Structure formats: C-alpha cells, structure tokens
Amino acid sequence: MTTSPLPFYVEHLQKPDGRGLTLYGLQPVHLDSEVPSPSPDPVDARPVMRWHPLRGEWVMYAAHRLGRTFLPPPEYNPLAPTSDPAHPTELPRGTYDIAVFDNRFPSLTLEAPSPPTPAHSLNTEQRAATGKCEVVVFSQNASGRLADLSDDQMALLLGVWADRTSVLAATGKIRSVLAFENRGVEVGVTLHHPHGQIYAYDHVPPVQATILAQAQKHRAESGEPWLETFVKAERDSAVRVIRDEGLSLSVVPPFARYTYETWVVPARPVGLLSDLDDAERMAFARVLKDALQRLDGLFGARMPYLMTVHQAPVGDAAVPDFPLHIEIYPYLRAPGRLKFLAGTEQGAGEFANDKFPEVAAQELREVQVENL
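Sequence positions in the sequence shown follow the numbering used here and run 147 to 518.
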C-alpha cells in the first residue's frame, strides 16, 4: 500500500493477463477477492498509425478492437466487481472509489511492434501506434453517473487524472495525455457502467497543438495568459457564466460549437491538473459536478455528451501558456433532437450552431440542480 502526495490512497496491482490495475480511494484500499481478468491471455494488439498527407495528421488502425464488448446485459458487465469467480470481470471486490486499468483493446500501446511497409501509391508513412490506453471506472455503482459522485469523490477523480498524467509522462515516451468520457449510446458508448478513458500519445495531437499555438500567439500579442484574459472577459460580461465559485467557473464559451457546450476552467491560469492546489481542485470538482447535473436537468433526461480534459503537453520540459480546461459537448440541441456532425462540420471543419451561447447559458443557469 502506498500513499500518493495527493490526499488519497493508491494500490498498484497486476491482472492475470499482465495488464496493470490501479485502485484509488479516499480511504485505505482493501481487496475482498483476487485481481481478475476476463481472460487469462492478453489480446494480441498491434495497432498502427498512418500519416494523412493532406490533413497533416495521424490515423490510428486497431483491427483487434472489433472484438471488444458491446452493450452486454447487466449480469455480464465487465466493469462491475467480480461476483462469480467463474465469470471474472475487470475489477475485484473490495473497498475503493475509482479504478484504472490498461484497456484490453487499445488503440495505442507502448509495446506495439513496427508494422510492415503498406502497399500504397503515395509516400504515406506508417509506424507503430505508440502510446497507452487506460479505462477509468468512476464508481462501483453500475447504474450511476459521473454527476452522482460526492464533491470529495469528484476531487479524487481530478487527482486520479493528474496522477495518471504524471505516471504516463514518467515513461519518457508520452507527450500528451487526454482524459475523456463518452456518455450515451448516441455518442457510441458500448458499456453503460460510468467510466471514462485516457489516451496517452507519443506526440502532441492536432487539437492540443492548435490550442497551444493559439495560446502562445495570444501571450505574445497581449502579454498575459489566454486563460486569464478569457476569465476576466467572461466575468466582466457575466452573460455566459453558468456558475462562478471564485477559484473555478463554468461557462458557455462565446464561440461554442455545440448548442449547450460547457467549459469548466480554473480562475488561475495553469496547464496541468497537478498544478491546482487543494482548494482549487475542490472548487473545480464542485463546478464540474454542477455543470454535469445542469445538463442532465435541462431536458429532464440524461444528456448524451463527450467530455474532454485538455492539459498541457508533457515531457522533458514544462510547456507554458497552455490553458487547462474541460470541454463538455452535449449532443442534444433540443429534447429528442440530436446534433449530428454533418456536411459543414465534417467537410469544412466549421460548425453551425442553432442557438447563441448567451441564450444557452441563461437556460443552464435556470436549471435547478437539487436532487438531480
């Protein structure tokens, strides 16, 4: 048993198939069963990446993922603690709050072998898809949701994301860590148990690279961090702020691409979750929980969404100016009406939004979050 510098307990374990499992708790972690694995044998993962010469970006190929679990009945939930040793899941029984394990069907691995040269007509580079994919199980409650976590548990999750970022960066092979949650079959979820994922890349992906470049450009032109300018402007206008806790706030950004797109940002400009102090992390956790509850309360049903945690690149040196923030993309633009990424979004990369951010923010402010 080890205690992290952050205020939680950590237990590092290994599954029968060789994958890692890390359990996190607000109280000491205790196991009531052996560490399980759905199969004693590892999946033969050989993901590759090919370079898209016109877009200037990598595309991942992982054919083994076609065999991953797809919407199983509750009794075969692989993210629930194992109840019958004859039918092992991914998790043991015991006392812990959050579990993180190596994805059994990864799109990126640190052990990916070099692939053969592909047959093609263009000089398209192909290489091993090097990185790491992890699954983050938010709770042992299979029917729960992320917004059901207590304030302390939500702060723990922020600490877990920060810890995983540090652990992955320490491999020396990772440059960018993205934590995210897909929720709802509308966005392609194949397991309903509340969980998210972490993708750790050996390069800085296009979105993070663009954010960094724009933030650095802003600093060069204005002399202050982009996040500092953004927070001051949103507080001055107030029309797009959903909740302001002082150390953290949620807003519908003035450039929102999705109808009820919500950002959670710290008031102090930092680049990594690990840069937040205890008070900032707790405020960030409360605002994040509030934002998720408001989205679920907006139409009286669970909102399908994609949530992404944007942090600075990691590696040999700190990267200044990158604005730590969480973006939540809700997929409903009205009750029962999904936002589809169609012609202009997919073909041109420019979004068409049905509602001004100021109106969306007002609607979210009016949602009563008690007992949601």
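Glycine residues also receive a C-beta, built at the ideal position from the N, C-alpha and C atoms.
Because the structure is a prediction, the values reported are computed rather than measured.
Sequence-distant Cβ neighbours of glycine 392 in its own chain, meaning closer than 8 Å and more than five residues away, are Ala413, Ala429. Around alanine 431, the same chain offers Asp297, Met300, Ala301, Leu304 as residues with beta carbons nearer than 7 Å, after the five sequence neighbours per side are excluded. Within the region 394 to 431, the beta strand (DSSP E) runs of at least 3 residues that lie entirely inside it are, in chain order, 394 to 397, 408 to 412.
Closest option to tyrosine 345, judged by alpha-carbon separation, among Glu407, Asp248, Gln173: Asp248.
For lysine 278, the three-state secondary structure derived from DSSP is strand. Counting of Cβ neighbours within 10 angstroms places glycine 290 among the exposed residues, the total staying below 16.
A direct Cα-to-Cα measurement between alanine 480 and valine 283 gives close to 29 Å. Bounds of the alpha helix (DSSP H) holding valine 353 are 352 to 368.
Between phenylalanine 154 and the set Gly166, Gly171, Gln160, the nearest pair of CA atoms involves Gly171. DSSP places aspartate 309 inside the alpha helix (DSSP H), whose first and last residues are 297 to 315. DSSP places glutamate 509 inside the alpha helix (DSSP H), whose first and last residues are 503 to 511. From the listed residues Pro351, Ala498, Gln457, the smallest Cα separation to glycine 489 is found for Ala498. Between proline 188 and glycine 277, the alpha-carbon positions lie close to 17 Å from each other. Taking the C-beta atoms as reference points, serine 260 is found no nearer than 7 Å to alanine 245. Beyond the five residues adjoining it in sequence on each side, leucine 237 comes within less than 6 Å, by CB distance, of Pro227, Ala245 in the same chain, given in chain order. Distance from the CA atom of aspartate 500 to the CA atom of threonine 405, rounded to whole angstroms, is 6 Å. Apart from sequence neighbours up to five positions away, the residues of its chain that approach threonine 311 with a beta-carbon distance below 6 Å are Val323, ordered along the chain.
Going by DSSP, threonine 375 is part of the alpha helix (DSSP H) stretching over 372 to 383. Taking aspartate 163 as reference, the option from Pro234, Pro219, Arg192 with the minimal CA-CA separation is Pro234.
Annotation: serine 179 to glutamine 508 spans about 49 Å, alpha carbon to alpha carbon.
A check of alpha carbon separations from arginine 196 across Pro476, Glu380, Arg250, Ala208 identifies Ala208 as the nearest. Annotation for leucine 256: Thr276, Gly277, Lys278, Thr317, Lys319 place their beta carbon closer than 8 Å to its own, counting only its chain and skipping 5 residues before and after. The beta carbon of histidine 341 sits closer than 8 Å to those of Leu225, Val281, Val282, Val283, Phe284, Glu327, all from its chain and outside the five residues before and after it, given in chain order.
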